[in-house]
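Q:
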Amino acid sequence: MLYTAYRKYITFFLILFIRLAAFSQGNAGGNTVQTVEIEPGKSINFKATSTPGSAYQWFKDGNPISGATSPTLNVSEPGEYKVLAQNNLNCTSEISDGFIVTVKTSVLVKQANLSVEKKSETKATSINDPYEYLITVKNSGPDPATEVIIKDILPEGLIFKNMTMALQGKFDYNAAARTLTWTIDKLNSADMSELRFVTEAVNPGSVVNTATVSATEADPDLSDNSSTDTKSITDLTIPNVFTPNGDGVNDRFEIKNLEFYKENEISIINRWGNSVYEKKDYQNLWDGTGLDEGTYFFVLKVKNATGTWQAYKGYITLLRSKTAQ
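Those letters in the sequence shown? Residues -28 to -1, 1 to 297, by mature numbering (1 follows the signal peptide of the UniProt record, and there is no 0).
Here you go:
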């Protein structure tokens, strides 16, 4: 009777500790089986204590676990776990109640790594001078992107004129909300698409606006889901053609409002890359003397009110032929 009582003494403390310490539930004794669920890749620690206890053996699904002879066991795999304890007199406890470990089923989440880039036309642009924006959207993710939505809220003073190109999808502009919405039903992995539209600024200064993209699928990198463009708009009106033919009309390369920029300089370059005219403090007097008809590249630099130099680049066409009356 003494031997039997001693075995129960060990068993009682072994079962009680596992239940209370590992899961904080249940009572000692009985043949109940408890279940715990863990996240994929996670683990749980079991710890068995018996008084007195000097050796342990853990079991998984009824089979002894090789090397699992310490009072603790780290478990990351599903199965039913039990433990035996033995004291220093080689007296073995009854096997503990089982604990069933399950691993939560992972849900396969589709991923579409979208990115968007917005760029304005690089030409020198004045107020009321139409210019184009290009929005490019790409999917670098492993899965197709569905219900792709690109939005662009135009700032005050920027007028939407028209759309010039969309490779795919649907396009809408809400004038009241000043919001451009471009939707694509599906954008496959490694695919890209483009949208071009024309705007017009009514005020000089910097036009800053941002395009964003989203989709139904998870996106592992949100850092490239928005793109901001800054466009410099000047009150200078730079023509793209002048006609120095002696008729008194448009005979010089005249830049409207240049008189408000006392510090300025201009350079005219031919198609071979040679400078044909340079002038600091330009006074709108260049008439193309000695040059052939054709298209020339110009670089105009002006110092604004903040003391910052701004550069405007573009093309000017020189025509000398008089229009027949």
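Ideal placement from N, C-alpha and C gives every residue a C-beta, glycine not left out.
On a predicted model such as this, the values are computed, not experimentally measured, just so you know.
#1: What residue range does the beta strand (DSSP E) around L45 cover?
#2: Tell me, please, which residues DSSP counts as bridged to Q282.
#3: What residues in its chain sit with their C-beta under 6 Å from that of I37, if we drop five residues either side in the sequence?
#4: If you reduce the DSSP assignment to three classes, tell me which class L230 lands in.
#5: Taking Cβ positions, are Q282 and V271 nearer each other than 8 Å?
#6: Using the Cβ count rule (16 or more neighbours within 10 Å means buried), how would you classify L45?
#7: Determine the contact status of V50 and V79, defining contact as a CB-CB distance below 8 Å.
#8: Going by C-alpha distance, which of N181, T94, S48 is nearest K14?
#9: Residues bridged to T264 by DSSP?
#10: Does the pairing of the segment 53 to 68 with the segment 162 to 172 give three or more beta-carbon distances under 8 Å?
#11: Per DSSP, what are the beta-bridge partners of K158 in this structure?
#12: Measuring alpha carbon to alpha carbon, tell me which of V81, T136, T261 ends up nearest Y105.
#13: For F232, is the classification buried or exposed, using 16 other Cβ atoms within 10 angstroms of its Cβ as the cut-off for buried?
#14: Would you list the one or two residues that DSSP bridges to A138?
#15: Between the Cα of residue 299 and those of T289, E235, F225, spot the shortest distance and give me the residue it belongs to.
#16: Of the choices Q255, T215, K95, whose alpha-carbon is the least far from that of T206?
#17: Rounded to the nearest angstrom, how far is the Cβ of R292 from that of N256, given a contact under 8 Å?
#18: Do residue 317 and E89 have their CB atoms nearer than 8 Å?
#19: Write down the C-beta distance between A162 and E119 rounded to the nearest angstrom, noting that I regard them as a contact closer than 8 Å.
#20: Go to K54, then tell me how far its beta strand (DSSP E) extends in each direction, as first and last residue.
#21: Determine the burial state of Y284: buried for a count of at least 16 other Cβ atoms within 10 Å of its Cβ, exposed for fewer.
#22: Any chance the segment 172 to 180 sits against the segment 124 to 142, with 3 or more Cβ pairs inside 8 Å?
#23: If V180 sits next to T153, beta carbons under 8 Å apart, how far is it from one beta carbon to the other, in whole angstroms?
#24: Within 10 angstroms of the Cβ of G266, are there 16 or more other Cβ atoms? Answer buried if so, exposed if not.
#25: Could you check what DSSP says for W30 in three-state terms: helix, strand or coil?
#26: For A20, does the count of other Cβ atoms within 10 angstroms reach 16, so buried, or fall short, so exposed?
#27: Contact defined as beta carbons within less than 8 Å: I believe K91 pairs with D115. What is the distance between those atoms, to the nearest angstrom?
#28: For I(-11) and T77, what's the separation of their Cα atoms in angstroms?
#29: Considering only C-alpha positions, which residue in the set A40, L290, Y145, K142 is nearest to V248?
A: Short version:
#1: 44 to 47
#2: Beta-bridge partners assigned by DSSP to Q282: V274.
#3: W30
#4: L230: helix per DSSP, three-state reduction.
#5: Contact: no.
#6: buried
#7: In the sequence as presented, Val is not what sits at residue 50; that position holds Pro. Against a cut-off of 8 Å, the Cβ pair of V79 and P50 comes out as no contact.
#8: Out of N181, T94, S48, S48 has the C-alpha closest to the C-alpha of K14.
#9: What sits at residue 264 in the sequence shown is Asp, not Thr. Answer is none; D264 lacks a bridge partner.
#10: No: fewer than three Cβ pairs fall under 8 Å.
#11: Partner residues in the beta bridge of K158, as assigned by DSSP, are T118.
#12: The residue with the shortest Cα to Cα distance from Y105 is T136.
#13: exposed
#14: Per the DSSP secondary-structure output, A138 pairs in a beta bridge with L167.
#15: The question about residue 299 has no answer here: the residues shown for the chain are numbered -28 through 297.
#16: K95
#17: Incorrect: roughly 19 Å between the Cβ atoms, too far for contact.
#18: Residue 317 lies beyond the residue range present for the chain, which begins at -28 and ends at 297; the question has no answer from this structure.
#19: Wrong, their Cβ atoms sit about 19 Å apart, outside the cutoff.
#20: 51 to 58
#21: buried
#22: yes
#23: With 8 Å as the limit, V180 and T153 do not qualify as a contact, their Cβ atoms being about 20 Å apart.
#24: G266 comes out exposed.
#25: Residue state, collapsed to three classes: strand.
#26: buried
#27: Their Cβ separation, rounded to whole angstroms, is 27 Å, which puts K91 and D115 out of contact at 8 Å.
#28: Caution applies to I(-11), whose pLDDT of 43 falls short of 50 and renders its modelled position unreliable; the value that the coordinates give is listed next. Each residue's alpha carbon lies about 25 Å from the other.
#29: L290
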